[in-house]
Every structure is written in structure tokens, then in C-alpha cells.
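When you read off a place in the first sequence, starting at 1, and then add 1, the result is the number in the working numbering.
Ideal Cβ placement from N, Cα and C applies to all residues, glycine included.
These figures come from a predicted structure and were not determined experimentally.
Here's the structure, in C-alpha cells; my notes come after.
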Amino acid sequence: MAEEKLPRRSEDFSAWYNEIVSRAELAEHSPVRGSMVIRPNGYGIWELMQQALDKMFKDTGHQNAYFPMLIPLSFITKEAKHVEGFAPELAVVTQGGGKELEEPLVLRPTSETIIYHMYAKWVQSYRDLPILMNQWANVVRWEMRTRLFLRTMEFLWQEGHTAHETEAEAEAETLQMLGVYRTFMYDHMAMPVICGPKSDSERFAGALRTYAVEGLMQDNKALQAGTSHNLGQNFAKVFDLQFQSREGTLEYAWNTSWGVSTRMVGGLIMTHSDDDGLVTPPKLAPVQVVIVPIFKTDVEQAVVMGAADAVFRELKAAGVRVKLDSRDSMSPGAKYYDHELKGVPLRMEIGPKDVEKNTVVIVPRVELSKEEAAKPGRKQKLFVPREGLSERVRQLLDALQSQLFDNALARREANSVRGTTSYDEMKALIERDAGFIYAGWCGSAECETKVKEETKATIRVIPFEEFRSAVQPTHCIVCGGEARHEAVWAKSY
RNA sequence: CGGGGCGUGGCUCAGCCUGGUAGAGCACCUGGUUCGGGACCAGGGGGUCGGAGGUUCGAAUCCUCUCGCCCCGACCA
2 MAEEKLPRRS EDFSAWYNEI VSRAELAEHS PVRGSMVIRP NGYGIWELMQ
52 QALDKMFKDT GHQNAYFPML IPLSFITKEA KHVEGFAPEL AVVTQGGGKE
102 LEEPLVLRPT SETIIYHMYA KWVQSYRDLP ILMNQWANVV RWEMRTRLFL
152 RTMEFLWQEG HTAHETEAEA EAETLQMLGV YRTFMYDHMA MPVICGPKSD
202 SERFAGALRT YAVEGLMQDN KALQAGTSHN LGQNFAKVFD LQFQSREGTL
252 EYAWNTSWGV STRMVGGLIM THSDDDGLVT PPKLAPVQVV IVPIFKTDVE
302 QAVVMGAADA VFRELKAAGV RVKLDSRDSM SPGAKYYDHE LKGVPLRMEI
352 GPKDVEKNTV VIVPRVELSK EEAAKPGRKQ KLFVPREGLS ERVRQLLDAL
402 QSQLFDNALA RREANSVRGT TSYDEMKALI ERDAGFIYAG WCGSAECETK
452 VKEETKATIR VIPFEEFRSA VQPTHCIVCG GEARHEAVWA KSY
């Protein structure tokens with residue numbers, strides 16, 4: 002049958018990405034332009050992301066709630082910057098029940114307006130603060146060009162919305178949630194991200210400050226994987242979100258909002274996957290281990306299936322997400338390719354020889370540097386005793402999780418350029434897709450715009466201290482003026 | 001909205017120029033032999049060619065209109 006190979010990443014990255022999404026059955030286009038159907042394999046990843054994040058939100062004191070999808074148009078237009086930012090991508094409902102509506106409704110592009118409108122009703126005094134809520138929802142933004150997971154007209158996300166007594170408290174919340182995203186991306190997605198504030202031009206419409214986590218994909222384009230906003234009192238003022246303070250005065254509350262979306266699934270794909278298909282970190286893999294039984298005769302089949310089933314039950318009892326691939330009419334080899342394409346972290350082969358020796362063969366999806374190396378041109382194969390198997394499997398899953406992180410971090414650092422002081426050199430670097438470019442910036446919008454217009458690269462983030470270069474730039478790479486920040490520049494999704 | 005491409009079984013595509021009433025590979029179904037890196041043989045089901053109109057004895061093929069999709073550029077999580 003010889004299924005066609007995937008396009009190579011090095012030859013056509015976006016064709017490679019599209020093929021993975023399609024062939025691993027993660028998602029496909031719906032009949033409506035720009036919107037997508039998320040299939041079980043893709044949704045399974047999203048569900049695991051949700052579970053992990055939801056727990057982190059609860060652990061930091063947040064509660065889930067749900068606000069409706071239809072928002073009065075007048076709400077959106079109340080905050081000047083907010084309308085300006087979202088007007089071009091609004092989907093508006095003008096008819097209902099066969100009649101023209103008195104006031105058009107928009108499909109939420111984000112929920113600040115409706116949420117702060119409601120908070121205003123719930124808050125009287127400082128005793129009602131803080132409000133710490135999150136919602137899991139879909140949002141709609143009319144996009145010109147779409148890519149599955151990375152940018153679609155409707156997407157799934159979570160949006161946290163909080164209200165606080167003081168600016169300091171709101172700022173602390175904004176940073177705390179950015180930290181939650183960062184931890185999630187490190188520990189679960191195995192995706193190293195750099196964190197920090199956005200420049201003014203990249204700030205969320207209506208926010209005081211926007212912070213982001215940014216990953217570097219394998220084509221050296223940056224992906225904004227999550228944002229956290231300090232909204233100041235902008236929305237509170239517009240929606241009359243006031244409270245009586247401890248001193249008896251009437252004050253506007255301070256708000257934050259923060260979100261991550263199904264875009265992370267795209268980030269996951271572009272961070273780890275290879276020319277053989279999808280690669281999923283064990284913590285987010287709907288199937289962590291797949292067992293492929295191997296046999297020729299009926300007698301062998303009975304013995305092998307017995308052993309495979311026992312292993313299956315043992316792993317399942319140990320809390321491993323395991324699947325026994327008992328499809329007949331498909332050769333073991335064909336199954337190997339299939340599971341590699343779909344990104345299953347560990348493949349376990351059980352055949353007559355294994356049963357005889359009381360072992361199994363485990364093949365990790367990505368080579369583990371701490372295990373016996375693979376023979377040249379072959380996949381790494383580990384011969385594992387049946388005794389203590391579930392413990393060993395756990396250990397290998399953990400090892401794979403950290404291996405993926407290490408690989409991604411090494412790749413990002415190999416594609417980060419620091420110390421450039423010449424604008425011409427910077428242009429040349431961007432021209433050949435060099436990755437993250439750390440350079441001095443005077444802080445002016447003029448210099449930022451100039452770079453964007455001349456190179457298509459933008460400031461992804463002004464990195465927090467721990468992400469900054471050892472030697473800090475002293476001059477703006479564009480105008481040569483005094484550098485107020487070190488900025489990270491890259492082309493982005 | 002500007003530039004390019006494409007709509008033919010589930011998928012990828014050939015056929016269109018030089019009209020004659022639809023074909024391949026993969027997938028699917030049945031039976032048998034296979035099975036430690038993409039199995040093979042035999043048999044079988046499934047499309048009226050994006051839509052509408054026109055030319056013609058006859059249209060997937062020619063003409064007109066129309067709808068939709070994809071890719072590249074201007075906006076964005």
C-alpha cells in the first residue's frame with residue numbers, strides 16, 4: 002500500500018503542518034470558510050490541556066462561570082480602544098426570529114464587556130473583591146487568512162477575568178497568571194517560552210499592559226501562545242464597576258484578563274513534531290502507550306494476545322493511557338507507521354519471542370539520550386523485562402517528556418541571536434529566518450514600525466530579566482539612540 | 001479586496017485542447033494466504049463529472065453566468 006510520505010519540514014513547512022493536522026486526524030476544515038472541525042485526536046489533546054490548566058486555575062483561587070456568546074453591539078463600542086481593536090473582526094447578528102433586531106448583537110470576540118457589565122452588578126464594597134473567575138468558551142473573530150488551530154474564525158479558549166481593589170493587586174494577578182501559563186508550557190507542553198511585556202503596538206485593545214509567553218517554532222517563526230492583561234480601570238470606568246473602599250470613598254475596580262486557546266495545539270505540533278509525523282509530549286498524549294501484538298499462527302496469537310491483554314490491564318491499572326491495537330488485516334509494520342504519524346509517545350511490541358523471554362520491546366517516539374543508543378539508521382529499541390513494567394513505562398514517559406523539552410530548548414537557543422548591534426546585520430538575519438533576535442530598542446514606536454515595515458519582524462516581547470542576555474545592549478539597533486530595553490524580534494504567526 | 005490555482009466515487013488525481021455517454025491509485029466490502037518496519041491474490045460495491053443556462057443528434061469536454069474552496073499579499077490569539 003505504501004502510504005505517501007509527509008512533505009519534509011525543511012522543504013515546505015506549511016504543507017508539512019497541514020498534512021500532519023489532516024493525516025493525524027486532528028482537525029479539518031468545515032464547510033464554512035475559516036472554521037474548523039476538531040476531531041477526537043485533536044480534541045483529546047485539548048481536553049488534557051484543559052484539565053491541567055483548570056486545576057492550576059482552581060489552585061490559584063479561581064472559579065469557573067459561563068457568560069453568553071451574544072453581546073449587545075453597544076457594549077463593544079463603549080471602550081474606545083476596544084472597539085477600534087475589534088471592529089474589523091466582528092461577526093454581527095442583525096436578524097432573529099425572521100425580524101430585524103432593534104440592536105445588533107455581536108458574537109463575542111472576547112468577553113470583557115459583558116463580564117464587567119455583570120461584575121458591576123455584583124460589586125458594592127471592597128468586601129466583594131476580588132472576583133476571580135474563568136470561563137471556557139468559544140469566540141469568533143472574522144479573519145482574512147486562517148490556518149487550522151493557529152488562526153480560525155471560531156476557536157476554543159479560556160478567558161480569566163478578575164476584579165481587584167488596587168492596581169498592585171491587579172498587576173500581581175496579571176503576572177501570577179502569566180506564570181501559570183509559563184509553568185504549563187514548560188511542564189506539560191514541553192515548550193520553552195520567553196515571557197515579558199508586549200510593546201505598546203502589540204498591546205491588547207483596552208489594556209494598560211499586556212504580557213505574553215512566546216515560543217519559537219521549528220520554522221523559526223514565533224508563536225504567541227498566551228497573553229495576560231492588566232486592564233487597569235479602563236473597563237471599570239466604562240461599565241461602572243465601582244466599589245466603596247475601606248475609607249468610604251467610591252473607587253473603580255482594577256481588572257485583569259488572561260487567555261490561552263486551541264492555538265496551543267498548533268504550537269505543540271510545530272514545536273515537537275518531525276518528518277515522521279506528530280510528536281506529543283506524554284502529559285498531553287491521549288494515548289501514551291500503544292501495544293502492538295505480533296504473531297503468525299493461531300497458537301501464537303492466543304499466547305501473544307493473552308500476554309498483551311495482561312500488560313494492557315496492568316498499565317491501565319497503573320494509570321497509564323494505554324491502547325491495545327488488535328486490528329487484524331493490518332501488519333505490525335503498518336501499525337508502527339500509523340502510530341508514529343499520530344504521535345503516540347511509546348510503542349510496545351509483544352511477540353512470541355517476548356512472551357518466551359518474559360520481556361517486551363519498547364520504542365520511544367523520539368530517541369532518549371539516556372537510554373542505549375539506536376543502531377545507525379534504526380529506531381531506538383528498548384528490551385524491557387516484564388517484571389516491574391509499569392514502573393519502567395512511567396519512567397520512560399517522564400524521560401520522554403523531559404527529552405522533548407530539552408530538545409526544544411536546545412533548538413530555541415541555537416536559533417536565538419544575541420549581541421547584534423548593526424541594523425543591516427539584523428535585516429540579514431531576519432531575511433534568512435534566524436529565529437529570536439535579541440537587540441537594543443530605544444522604546445519608540447517609530448523604530449518599531451520601521452523594522453516591521455522593512456522586515457516583517459515585530460517585537461515579540463520585552464523579556465523579563467531571567468530571559469535577557471548576559472550582556473545588555475546599550476544602543477537602539479534601529480536609530481542608535483540609547484537603548485531603554487532589550488527586545489526580542491522575530492517574524493510571527 | 002489584489003494576484004495565482006482548483007472544483008470528476010471517501011481521498012489524490014487522469015480524461016477536457018482534437019464532444020460519442022466516466023477511468024486509475026489509495027481507501028472500503030467478501031474469501032483465502034500472510035503478519036518482528038507500510039502484505040498478496042481473487043472477487044465486489046460506490047461517482048453523472050460544484051450549480052444554472054446555452055450550443056449540438058449527442059457535453060465532464062465548447063460558450064455564458066454563478067457558487068465555493070485552496071495558495072500568495074494587506075489585518076490578527
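From the DSSP output, in three-state form, read off residue i for me.
| i | result |
| --- | --- |
| K259 | It is worth fixing the name first, because residue 259 is Trp in this sequence and not Lys. Strand, per DSSP. |
| T450 | helix |
| Q522 | Residue coverage of the chain in this structure runs from 2 to 494, which leaves residue 522 outside it and unanswerable. |
| A16 | helix |
| E467 | helix |
| D276 | coil |
| R264 | helix |
| I292 | strand |
| S417 | strand |
| S493 | strand |
| R498 | Since the first residue shown for the chain is 2 and the last is 494, residue 498 is missing from the structure and cannot be characterised. |
| S11 | coil |
| K284 | helix |
| E203 | helix |
| A435 | coil |
| S391 | helix |
| K6 | coil |
| M271 | helix |
| W143 | coil |
| M192 | coil |
| G43 | helix |
| A411 | helix |
| S370 | coil |
| V304 | helix |
| T456 | helix |
| V33 | coil |
| R379 | coil |
| I21 | helix |
Going by DSSP, which residues form a beta bridge with residue i?
| i | result |
| --- | --- |
| L251 | Q245 |
| G441 | E487 |
| F384 | V362 |
| A164 | I132, N256 |
| H476 | E483 |
| W137 | Q159 |
Are there any heavy atoms of the ligand SAH lying less than 6 Å away from the beta-carbon of residue i, as far as the coordinates show?
| i | result |
| --- | --- |
| K79 | With respect to small molecules bound, the structure shown includes none, and the ligand SAH cannot be examined in it. |
Could you pull the start and end residues of the alpha helix (DSSP H) that residue i belongs to?
| i | result |
| --- | --- |
| I77 | 74-77 |
| A429 | 424-432 |
Could you give the first and the last residue of the continuous beta strand (DSSP E) run that contains residue i?
| i | result |
| --- | --- |
| E174 | Premise fails: E174 lies in the alpha helix (DSSP H), 168-188, not in any beta strand (DSSP E). |
| I460 | 459-462 |
| M37 | 37-39 |
| E29 | 28-30 |
| G197 | 195-198 |
| Does the segment 252-272 touch the segment 384-404, meaning 3 or more C-beta pairs lie closer than 8 Å? | No, the segment 384-404 is not in contact with the segment 252-272.
Return the chain-ordered ranges of every alpha helix (DSSP H) run that is complete within the segment 310-363 and spans a minimum of 4 residues. Qualifying alpha helix (DSSP H) stretches, in chain order: 333-343, 353-358.
inquiry  = Runs of 3 residues minimum, wholly inside the segment 49-133: which ones carry the beta strand (DSSP E) assignment?
reply    = Fully enclosed beta strand (DSSP E) runs of no fewer than 3 residues occupy 71-73, 92-97, 100-108 of the segment 49-133, in order along the chain.
Next item on the list: Would you list, in sequence order, the uninterrupted alpha helix (DSSP H) runs of no fewer than 4 residues that lie entirely inside the segment 209-245?
Entry: With a minimum length of 4 residues, the continuous alpha helix (DSSP H) runs that stay inside the segment 209-245 are 235-240.
Worksheet item: With contact counted as at least three CB pairs below 8 Å, one residue from each stretch, are the segment 477-490 and the segment 424-435 in contact?
Response: Short answer: they touch.
Inter-stretch contact at 8 Å, needing at least 3 Cβ pairs: the segment 296-308 / the segment 35-55: With the cut-off at 8 Å, the segment 296-308 and the segment 35-55 do not touch.
* Asked: Would you say the segment 361-378 touches the segment 148-163, given that touching needs at least three Cβ pairs under 8 Å?
  -> Too few Cβ pairs lie closer than 8 Å, so no.
Check whether the segment 197-205 touches the segment 164-177, counting contact only when three or more Cβ pairs, one atom from each stretch, lie closer than 8 Å.
Judged by Cβ distances under 8 Å, the segment 197-205 makes no contact with the segment 164-177, as fewer than three pairs qualify.
Taking three-plus beta-carbon pairs below 8 Å as touching, is the segment 211-226 in contact with the segment 307-322? By the criterion of at least three beta-carbon pairs nearer than 8 Å, the segment 211-226 is not in contact with the segment 307-322.
| request: Could you tell me whether the segment 269-276 touches the segment 233-251, using the rule of 3 or more Cβ pairs below 8 Å? | output: Under the 8 Å Cβ criterion, the segment 269-276 does not count as touching the segment 233-251, having fewer than three qualifying pairs.
With a threshold of 8 Å, are at least 3 pairs of Cβ atoms found where one atom belongs to the segment 345-363 and the other to the segment 286-296? Touching, yes, given that three or more Cβ pairs across the two stretches are closer than 8 Å.
* Please confirm if the segment 6-18 is in contact with the segment 203-221, defined as three or more CB-CB distances below 8 Å between the two stretches. => These segments touch.
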